[in-house]
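Asks: Below: one structure in structure tokens.
Numbering (the working numbering), first residue to last: 187 to 320.
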């Protein structure tokens, strides 16, 4: 019987995800220079991860490590997040009507990949930090 020489581990969460209001979530995404946001089950997600390689027990190991995850509740899917820097205003929209010089445009992708599913496991178990004022 042939023994497996490659071991896949992950995705593994480094820390609990953080919940923000839409405005704070978008400001954070811009500060972290996010190129895209992800949508799943009524939420937007920002996820940063690393793929690490090494040897574990004589086997080559590939570890997918989620180094940072945050999310916000939005309800329905829309295609774009817009941020107007001069006015400090956030919009979550289906269509872009006007483009301004102070505008940041972030596309939203609908997905349910393994990274999103892992973060949702934490959220559904109540294992997240909320920065939303009640």
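Glycine residues also receive a C-beta, built at the ideal position from the N, C-alpha and C atoms. Please read all numbers here as calculations on a predicted model, not as lab measurements.
Which residues share a DSSP beta bridge with residue 267?
Replies: 278, 292
Asks: Can you tell me which of the three DSSP states residue 193 falls into?
Replies: strand
Asks: What's the gap between the Cα of residue 279 and the Cα of residue 293?
Replies: 10 Å
Asks: Any chance the CB of residue 223 is under 7 Å from a heavy atom of the ligand GDP?
Replies: You won't find the ligand GDP in this model; it holds no ligand whatsoever.
Asks: If you check the beta carbons only, do residue 317 and residue 231 fall under 8 Å apart?
Replies: no
Asks: Sorted by chain position, which residues of the same chain lie with C-beta nearer than 6 Å to residue 261's C-beta, five sequence neighbours on each side aside?
Replies: 228
Asks: For residue 245, which three-state DSSP category applies?
Replies: strand
Asks: On the criterion of 16 or more Cβ atoms from any shown chain inside 10 Å, does residue 194 qualify as buried, or is it exposed?
Replies: Classification of residue 194: exposed, given that the 10 Å Cβ count is below 16.
Asks: Does the Cβ-Cβ distance between residue 257 and residue 192 come in under 8 Å?
Replies: Their beta carbons are not under 8 Å apart, which means residue 257 does not touch residue 192 by this criterion.
Asks: Around the C-beta of residue 313, are 16 or more other C-beta atoms found within 10 angstroms, so that it is buried, or is it exposed?
Replies: exposed
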